[in-house]
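**Q** Numbering (this note's numbering), first residue to last: 1412 to 1853.
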Ligand SMILES: Cc1cc2nc3c(=O)[nH]c(=O)nc-3n(C[C@H](O)[C@H](O)[C@H](O)COP(=O)(O)OP(=O)(O)OC[C@H]3O[C@@H](n4cnc5c(N)ncnc54)[C@H](O)[C@@H]3O)c2cc1C
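1) Going by beta carbon distance, what residues of the same chain come within less than 7 Å of residue 1852, once the five residues before and after it are set aside?
2) Just checking, does the region 1713-1725 make contact with the region 1762-1772 on the three C-beta pairs under 8 Å criterion?
3) Where does residue 1467 fall in DSSP's three states?
4) Note the first and the last residue of the continuous alpha helix (DSSP H) segment covering residue 1604.
5) Tell me, please, which residues DSSP counts as bridged to residue 1729.
6) Can you have a look at residue 1447 and say buried or exposed, based on whether 16 or more other CB atoms are within 10 angstroms of its CB?
7) Rounded to whole angstroms, what is the Cα-Cα separation between residue 1569 and residue 1423?
8) I'd like the span of the beta strand (DSSP E) that includes residue 1454, first residue to last.
9) Can you tell which of 1670, 1810, 1524 has its C-alpha closest to the C-alpha of residue 1710?
10) Verify whether the separation of the beta carbon atoms of residue 1740 and residue 1676 is less than 7 Å.
11) Where do the ends of the alpha helix (DSSP H) carrying residue 1447 lie?
12) Taking residue 1456 and residue 1413 to be in contact with their CB atoms under 8 Å, please state how far apart those CB atoms are, rounded to whole angstroms.
13) Just the C-alpha distance for residue 1816 and residue 1667, rounded to the nearest angstrom, thanks.
14) May I have the straight-line CA-CA distance separating residue 1548 from residue 1430, to the nearest angstrom?
15) What's the gap between the Cα of residue 1686 and the Cα of residue 1827?
16) What are the uninterrupted segments assigned as beta strand (DSSP E) that are 3 or more residues long and contained completely in the region 1714-1777, given in chain order?
17) Please report the distance separating the alpha-carbon of residue 1445 from that of residue 1428.
18) Starting from residue 1593, trace the beta strand (DSSP E) both ways and give me its first and last residue.
19) For my contact list, residue 1637 and residue 1595 are in at a C-beta cut-off of 8 Å; report their separation, rounded to the angstrom.
20) Give every residue of the same chain whose Cβ lies closer than 7 Å to the Cβ of residue 1474, excluding the five residues on either side of it in the sequence, and list them in chain order.
21) For residue 1727 and residue 1770, which I take to be in contact (beta-carbon distance under 8 Å), what is that distance rounded to the nearest angstrom?
22) Does the separation of the CB atoms of residue 1887 and residue 1580 fall below 7 Å?
23) Is it buried or exposed for residue 1537, if we count other Cβ within 10 angstroms and need 16 for buried?
24) Based on the DSSP output, what are the partners of residue 1492 in its beta bridges?
25) Between which two residues does the beta strand (DSSP E) containing residue 1547 stretch?
26) Buried or exposed: where does residue 1837 fall if 16 or more other Cβ atoms within 10 Å of its Cβ makes it buried?
27) Which residue marks the beginning of the alpha helix (DSSP H) containing residue 1664, and which one marks its end?
28) Taking contact to mean 3 or more Cβ pairs, one atom from each stretch, closer than 8 Å, check whether the region 1587-1601 and the region 1557-1564 are in contact.
29) Where do the ends of the beta strand (DSSP E) carrying residue 1429 lie?
30) Ends of the beta strand (DSSP E) at residue 1658?
31) If we count Cβ pairs, one from each stretch, closer than 8 Å, do we get three or more for the region 1508-1526 versus the region 1697-1708?
32) Put residue 1462 into one of helix, strand or coil per three-state DSSP.
33) What do you reckon, is the C-beta of residue 1530 under 6 Å from a heavy atom of ligand 1?
34) Assuming contact is defined by CB atoms lying nearer than 7 Å, are residue 1509 and residue 1543 in contact in what I supplied?
35) Using three-state DSSP, classify residue 1856 as helix, strand or coil.
36) Would a C-beta distance cut-off of 7 Å place residue 1615 and residue 1535 closer than the cut-off?
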């Protein structure tokens, strides 16, 4: 038995870990679990905050199923085994002159794990990583292998791109990449009212638009990234400046600030004001995968909601008022990003131009009051929670904002009638399914 814990430490479980290294090995592990009548939960890098990856009996890790299967520089199509972490995929693509068109804040997730929860970056013309999927191979609960794409089992493909780890074990993924590119980043501090007044215009005009609001201040830190060709030349941050800003200030100093704020809440407000000044301005140009991704060493818990983009200024104003009128002392910035509409049923940005609002607290701080109050505001805007982050909705609430949730659950029941891949989180968000219901009845 091993004790597993997710990145933030808010989910733990004792489980037996299976580590297959081939599609046949995955099928064997699933068939053996079925023969013993045990549940088996695939896991990626454990970077989800929610209990989505939490195993109950057996855990299936694909850390040995992480190789490159095919890379075609002509078409830009790459096929990898599903346990490959994004940082390795990015390195392989860079060597081949390719890149993913958009990435989130970090690159530690596995390919299958990132797709499962709809992992996204920011940009009004860019969808989650799942929008780049062109084909997948899944090992189903009966041990059979199913390939899906827009032309092969399209009914499964439609749903499998944001799959919650509920439909089967993803064995391989084919992604569409783009020619490698650079990003010019501009970071400055501006008043919150100014960024909200120009929100829609900037979200449309800046390729990758995001900002961080420091609670208890009227300032935000913007991070605007513009796509530029790799040639004629990059102008990355110097090594010292990169270490100073991204390691020392953003991690070591920030950790000390958060620890001080937890011990002495009265220091949070002045410390946030200092943090705004310390973060300062900078501008640089570097390879896309280096600019998209940051090092995150201070452990936290996060909730993120997607709402219609047009509603962001009003909703953000309400979140600010909520924080300022409460007695909470929030040391972590609120992060705002945007995303393009897509056609994936359980994607946060399915069918609508979206803005994302993410709230954070330190890993060991209580979050219920803050996250719960923000969640009630998000409900007024048909907010959809990120599947991999904390939220309080069950299938009743989720089906109001994800209109195809019941179709997803029906597909899950067809592909996994005994709930082999189930866990408590899936029971909550999808309903327990035929086997779960009969278990509950026993
Ligand atoms: C510091 C930090 C920064 C983050 N930044 C962002 C961000 O910028 N944008 C964003 O959208 N999210 C972000 N996230 C959330 C993260 O991207 C998602 O939670 C992602 O799903 C985690 O991937 P993982 O590989 O760790 O998967 P896990 O968390 O281990 O698992 C997630 C899901 O994938 C399933 N799964 C894993 N492998 C397989 C497989 N082979 N077959 C079937 N199912 C499988 C699991 O069962 C589970 O349902 C961040 C998280 C952290 C901790």
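For every residue, glycine included, the Cβ atom is placed at its ideal position computed from N, Cα and C.
Bear in mind that the values here come from a model prediction, so they are computed numbers and not experimental data.
**A** In brief:
1) The predicted model places residue 1852 with a pLDDT of 30, which falls under 50 and marks its position as unreliable; any figure quoted below should be read in that light. Correct list: empty, nothing qualifies.
2) yes
3) coil
4) 1603-1608
5) For residue 1729, which the question treats as bridged, DSSP gives no partner whatsoever.
6) exposed
7) 32 Å
8) 1451-1454
9) 1670
10) yes
11) Note, residue 1447: premise wrong, no alpha helix (DSSP H); not H, not E.
12) The pair is not a contact, with the Cβ atoms about 15 Å apart (cut-off 8 Å).
13) 42 Å
14) 18 Å
15) 49 Å
16) 1745-1750, 1765-1773
17) 15 Å
18) 1593-1598
19) 5 Å
20) 1430, 1494
21) So it is not a contact: roughly 11 Å between Cβ atoms.
22) Summary: the structure shown does not reach residue 1887, with the chain confined to residues 1412 through 1853, and so no result is reported for it.
23) buried
24) 1583
25) 1544-1550
26) buried
27) First-last for residue 1664: undefined, no H or E at that position.
28) no
29) 1423-1429
30) No beta strand (DSSP E) contains residue 1658, which DSSP labels as neither H nor E.
31) yes
32) helix
33) yes
34) no
35) The structure shown does not extend to residue 1856, since the chain is modelled only from 1412 through 1853, so no value can be given for it.
36) yes
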